[in-house]
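Read in full-length UniProt numbering, the sequence shown has 77 at position 77, and its numbers run on one by one without any break.
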Amino acid sequence: MLSSSMTNAFDELSQIRIQDANPLPIEEKRRKNSPPKFYVGQIFQHKQYNYWGVICGWDLSCAASPIWQVRMGIPNLVRGALQ
Numbered sequence: 001m002l003s004s005s006m007t008n009a010f011d012e013l014s015q016i017r018i019q020d021a022n023p024l025p026i027e028e029k030r031r032k033n034s035p036p037k038f039y040v041g042q043i044f045q046h047k048q049y050n051y052w053g054v055i056c057g058w059d060l061s062c063a064a065s066p067i068w069q070v071r072m073g074i075p076n077l078v079r080g081a082l083q
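Written out as structure tokens, the structure is:
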């Protein structure tokens with residue numbers, strides 16, 4: 001026979017498994033057809049690397065070489081090259 005603390009632990013584990021099997025949907029921060037957040041000519045400071053730059057154009061997906069994308073961690077972004 002199991003102790004009450006062991007039974008409680010099994011019950012809690014069962015509840016966790018039920019929650020894990022039915023995760024809440026994650027909503028995208030931006031709609032797929034929304035306009036770009038930045039505009040051509042805008043001066044910005046990069047949040048992660050702290051450098052300054054100017055937006056001189058934009059693409060719907062990353063057009064940089066695969067080597068550059070890997071070096072910059074693009075595959076690790078939520079939407080990858082489609083950021």
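From the three backbone atoms N, C-alpha and C, an ideal C-beta is built for every residue, glycine too.
A Cβ-Cβ separation of about 11 Å leaves W52 out of contact with Q42 under the 8 Å criterion.
At a Cβ-Cβ threshold of 8 Å, C56 and I74 do not count as neighbours. Looking only at I18, Y49, I26 and R71, the smallest Cα-Cα distance to V78 is reached by I26.
Beta-bridge annotation (DSSP): W52 is paired with Q45. For the pair S3 and I16, the Cα-to-Cα distance works out to about 20 Å.
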